[in-house]
Amino acid sequence: MSQYKIIFTGPVGAGKTTAIESISDVPPVKTDAAASDMTKNRKSSTTVAMDYGIMNLAGGEKIHLYGTPGQERFDFMWDILTTGGIGLILLLDNTRTDPFQDMKFFLDSFQEFIKKTNVAIGVTQMDLSAKPAINDYHIQLQGMGLKPPVFSVDARVKNDVSLLVQSLLYSLDPELEE
Amino acid sequence: MNDKRKSPLKVVLHGMDGRTYKTMVMYLQGPCKGAAIVVEDIDAEVDMIDADSVNAKTLLEQKQAENSVRPIIVLSLKEQKLENVLYVKKPVRTAEMLDALAKAEAMLTARQKSSGNVRADRKLFINTDERKKTSKHQTAMHLDEGNFNAFMGSIPGLDVNDPKQFPNAFYNPKEYFQGYFQSACLIAQTKKQVLHLNSGWKLLIIFPHNHEVWLDADDKQLRSFAGLPINNLSGEGMSLTPASAHVLSAENAPEKFHNLDAFLWKLAVWTSRGRYPVALDIHKPVFLKHWPNFTRLIVTPHALRISALLIAGPRTLPDIAEILKIKPQYVFAFISAAYALGLIKQAKRQADEIIQPPVSKNNERQGLFTRIISKLRGHKT
Chain A
269 MSQYKIIFTG PVGAGKTTAI ESISDVPPVK TDAAASDMTK NRKSSTTVAM
319 DYGIMNLAGG EKIHLYGTPG QERFDFMWDI LTTGGIGLIL LLDNTRTDPF
369 QDMKFFLDSF QEFIKKTNVA IGVTQMDLSA KPAINDYHIQ LQGMGLKPPV
419 FSVDARVKND VSLLVQSLLY SLDPELEE
Chain B
58 MNDKRKSPLK VVLHGMDGRT YKTMVMYLQG PCKGAAIVVE DIDAEVDMID
108 ADSVNAKTLL EQKQAENSVR PIIVLSLKEQ KLENVLYVKK PVRTAEMLDA
158 LAKAEAMLTA RQKSSGNVRA DRKLFINTDE RKKTSKHQTA MHLDEGNFNA
208 FMGSIPGLDV NDPKQFPNAF YNPKEYFQGY FQSACLIAQT KKQVLHLNSG
258 WKLLIIFPHN HEVWLDADDK QLRSFAGLPI NNLSGEGMSL TPASAHVLSA
308 ENAPEKFHNL DAFLWKLAVW TSRGRYPVAL DIHKPVFLKH WPNFTRLIVT
358 PHALRISALL IAGPRTLPDI AEILKIKPQY VFAFISAAYA LGLIKQAKRQ
408 ADEIIQPPVS KNNERQGLFT RIISKLRGHK T
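Here you go:
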């Protein structure tokens, strides 16, 4: 049976692990470790390999949900993870110093994968930092010639993560039936 | 600077390229010891303009024409003697900059005293704990076809799904509360002032700085009011006043804050009741500027599909319904809401009418994607 996967990426603390947890049918496999580098300023533990969750579909199909480690020093894994992926979910933390720089970094890093598939962007922590606003992200993306979905997301809320993934799938094929 | 001031002066920079902008941000933080911080235009108390930039003259004229309470500081190599404008000679010296900021602050205070409205307005930068604004951050309500009609309502005697009745299936937002609310928002944004919309109905306050609205009513009450046509006579009773007297009500009920876009979106859905806005020609293609922020909006039936289709290229409204095989009322409702937010535009280029983007090819993974969506929506698969 074919294996399908959706990739979750973004900087440290953007909520990748939590987002996978929100829609996974099994408790996700986490590979967290105590943060020892600059990451510890943002959270006590961080993903050092990857996160993994599963969505079970009718007929026994499984969608594998992979979360990339947020730290750039693990970027050698990103190519391996994206091979055969359906699409990319990019989560950005709005409280970080320069979320636009984060966005550009990840869009550049996954450029080839996005060209072949598509991307949907979730902006987290907007209840803590309302700016930049979602419209500001669209302005930045316009300059990059991209028009992906960009939603305000609480990674703990299943409906938010679900809508983001749905928007990714409809971007890939608007004629999908509901 | 005045030692009594607890917070730094909020400055917006104009006419500076990226590098100069960053340098100025650091300069105000460093050598000026945080006497001022750089903020976005809507939050600013002072305009700072690089008078040696290409468009400086236009910028300055524009700022002066706005007649705002904000003092203007210009930075220039040449001495500038302009009325009501503070001048700092380049290269900028810290003492001169601090002096200009102090004068700007004094001007600001004086102008606020002479303008009760604006003084009240400054007090209204409510720094409420963002998290208490539960309505603003709650997740989207996702409506399917089954519960949408009851939610949205309909127009007696009009079948919006009958193509023969399309010519009559429009509505004019200006004839409803939606139109008055949109006008009020525009004024509040332009004046950068917190305003109270007096409608003879419930208390409504617009906070342009935070892009928020506060309404002393629940959704059921709003839906009923949204559908009532407002004739010219009752429309004349609508007015806008500074909201200072009502701010306590808002402070005491943070859960009644809404994001302005989310509020306008649902107001438009309830006003349209399945019709399209009169300003749109349904036989000409429309395009979507960008995806709406669906996690904080009411997700009308097929809204995600319609968005994805329109992002791919312009379409006429009947064309959208035909391609997606959905009832026109769902297209009209979505278009009304997105149009209210300024996300829908009529395609002007002739090419958009002639060269329709191709309908996407049958995706071999279509079945899989549909099953994923069904799973995400909690349907039994």
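Going line by line, the protein sequences match chains A and B. Each residue of the first sequence is one higher than the last, beginning at 269 in this note's numbering. Each residue of the second sequence is one higher than the last, beginning at 58 in this note's numbering. Each residue gets a CB set at the ideal place from its N, CA and C atoms; glycine is no exception.
Less than 9 Å between the C-beta atoms of residue i and residue j, yes or no?
{"i": "A388 of chain A", "j": "T286 of chain A", "result": "no"}
{"i": "L360 of chain A", "j": "D370 of chain A", "result": "yes"}
{"i": "L325 of chain A", "j": "R428 of chain B", "result": "yes"}
{"i": "I339 of chain B", "j": "L374 of chain B", "result": "yes"}
{"i": "M368 of chain A", "j": "P417 of chain A", "result": "Residue identity check: residue 368 of chain A is Phe in the sequence provided, not Met. No, Cβ-Cβ distance for F368 of chain A and P417 of chain A is not below 9 Å."}
{"i": "F227 of chain B", "j": "V145 of chain B", "result": "no"}
{"i": "V103 of chain B", "j": "A161 of chain B", "result": "yes"}
{"i": "T350 of chain A", "j": "F374 of chain A", "result": "no"}
{"i": "V421 of chain A", "j": "V391 of chain A", "result": "yes"}
{"i": "G484 of chain A", "j": "I291 of chain A", "result": "Nothing about residue 484 of chain A can be read from this structure; chain A reaches only from 269 to 446."}
{"i": "A300 of chain B", "j": "I244 of chain B", "result": "no"}
{"i": "L254 of chain B", "j": "L297 of chain B", "result": "yes"}
{"i": "L444 of chain A", "j": "L436 of chain A", "result": "no"}
{"i": "K383 of chain A", "j": "Q408 of chain A", "result": "no"}
{"i": "I430 of chain B", "j": "Q393 of chain A", "result": "no"}
For residue i, which residues of its own chain have a beta-carbon under 6 Å away from its beta-carbon, when the five flanking residues on both sides are left out?
{"i": "L134 of chain B", "result": "D109, K147"}
{"i": "D319 of chain A", "result": "T285, I288, P296, K298, G335"}
{"i": "G91 of chain B", "result": "P65"}
{"i": "R280 of chain B", "result": "W327"}
{"i": "V142 of chain B", "result": "I129, V131"}
{"i": "L510 of chain A", "result": "Given that chain A is displayed from residue 269 to residue 446, the structure contains no residue 510 of chain A and the question cannot be resolved."}
{"i": "G173 of chain B", "result": "Any answer about G173 of chain B is weak, because its pLDDT of 46 lies below 50 and its placement is not dependable; what the coordinates show is given next. For G173 of chain B, where only same-chain residues beyond five positions count, there are no Cβ hits under 6 Å."}
Can you list, in chain order, the residues of its chain with a C-beta nearer than 7 Å to that of residue i? Leave out the 5 residues immediately preceding and following it.
{"i": "I354 of chain A", "result": "Y272, K273, I274, T385"}
{"i": "N206 of chain B", "result": "none"}
{"i": "Q222 of chain B", "result": "L215, D216"}
{"i": "I99 of chain B", "result": "K249, P265, H266"}
{"i": "A113 of chain B", "result": "G72, I106, D107"}
{"i": "T191 of chain B", "result": "E312"}
{"i": "H359 of chain B", "result": "L381, I383, Y387"}
{"i": "P371 of chain B", "result": "P342, V343, F344, A404, D409"}
{"i": "M164 of chain B", "result": "P128"}
{"i": "M306 of chain A", "result": "Any reading at M306 of chain A must be qualified, since the residue scores a pLDDT of 49, below 50, and its modelled position is unreliable; the value itself is stated next. Here the set comprises nothing."}
{"i": "G284 of chain B", "result": "G210, W327, T328, R330"}
{"i": "D376 of chain A", "result": "none"}
{"i": "D178 of chain B", "result": "Confidence in D178 of chain B is poor, its pLDDT being 42 and thus under 50, which makes the residue's placement unreliable; the coordinate value appears in the next sentence. Answer for D178 of chain B: Q250, V251, P299, listed in chain order."}
{"i": "G294 of chain B", "result": "G257"}
{"i": "V463 of chain A", "result": "The question about residue 463 of chain A has no answer here: the residues shown for chain A are numbered 269 through 446."}
Using the C-alpha atoms, what's the distance from residue j back to residue i?
{"i": "F426 of chain B", "j": "E269 of chain B", "result": "36 Å"}
{"i": "H199 of chain B", "j": "L366 of chain B", "result": "19 Å"}
{"i": "L432 of chain A", "j": "F419 of chain A", "result": "7 Å"}
{"i": "L389 of chain B", "j": "L139 of chain B", "result": "Here the sequence assigns Phe to residue 389 of chain B, which means Leu is not the residue at that position. Those two C-alpha atoms are separated by around 52 Å."}
{"i": "L433 of chain B", "j": "G283 of chain A", "result": "19 Å"}
{"i": "L181 of chain B", "j": "V304 of chain B", "result": "With a pLDDT of 41 at L181 of chain B, under the threshold of 50, the modelled position of this residue cannot be trusted; read the value that follows with caution. The alpha-carbon atoms of L181 of chain B and V304 of chain B are separated by roughly 7 Å."}
{"i": "G236 of chain B", "j": "A310 of chain B", "result": "26 Å"}
{"i": "D74 of chain B", "j": "A398 of chain A", "result": "25 Å"}
{"i": "A404 of chain B", "j": "M323 of chain A", "result": "40 Å"}
{"i": "C242 of chain B", "j": "R422 of chain B", "result": "44 Å"}
{"i": "D428 of chain A", "j": "A159 of chain B", "result": "46 Å"}
{"i": "P224 of chain B", "j": "I363 of chain B", "result": "21 Å"}
{"i": "P230 of chain B", "j": "E446 of chain A", "result": "30 Å"}
{"i": "N204 of chain B", "j": "D219 of chain B", "result": "21 Å"}
{"i": "L272 of chain B", "j": "Y233 of chain B", "result": "17 Å"}
{"i": "T365 of chain A", "j": "G210 of chain B", "result": "45 Å"}
{"i": "S430 of chain A", "j": "V356 of chain B", "result": "13 Å"}
{"i": "R76 of chain B", "j": "M83 of chain B", "result": "11 Å"}
{"i": "L458 of chain B", "j": "P337 of chain A", "result": "Lying outside 58 to 438, the shown extent of chain B, residue 458 of chain B is not represented and no answer is given."}
{"i": "L116 of chain B", "j": "P385 of chain B", "result": "46 Å"}
{"i": "N403 of chain A", "j": "Q246 of chain B", "result": "16 Å"}
On a CA-only basis, which of the options is nearest residue i? Give me that one, please.
{"i": "F314 of chain B", "options": "B:I380, B:F238, B:D275", "result": "B:D275"}
{"i": "K415 of chain A", "options": "B:P349, B:V82, B:H266, B:Q239", "result": "B:P349"}
{"i": "Q379 of chain A", "options": "A:A326, A:T392, A:L358", "result": "A:L358"}
{"i": "K346 of chain B", "options": "B:K160, B:K384, B:I368, B:A378", "result": "B:I368"}
{"i": "T277 of chain A", "options": "A:I402, A:Y405, A:L444, A:D347", "result": "A:D347"}
{"i": "F238 of chain B", "options": "B:N288, B:S306, B:F320", "result": "B:F320"}
{"i": "K402 of chain B", "options": "B:L337, B:A307, B:M154, B:A157", "result": "B:L337"}
{"i": "E153 of chain B", "options": "B:G399, B:S306, B:P88, B:T80", "result": "B:P88"}
Take residue i and list the residues in its own chain whose beta-carbon comes closer than 8 Å to its own, dropping the five residues that flank it on each side.
{"i": "A101 of chain B", "result": "K67, V68, V69, R127"}
{"i": "I212 of chain B", "result": "R330, G331, R332"}
{"i": "Y78 of chain B", "result": "L70, V95"}
{"i": "K277 of chain B", "result": "none"}
At a cut-off of 8 Å, is residue i close to the ligand GDP when judged by its beta-carbon and the heavy atoms of the ligand?
{"i": "E140 of chain B", "result": "This structure lacks the ligand GDP, and indeed carries no ligand of any kind."}
### Given 8 Å, three or more beta-carbon pairs between the region 394-404 of chain B and the region 323-331 of chain B
They touch, by the three-pair rule.
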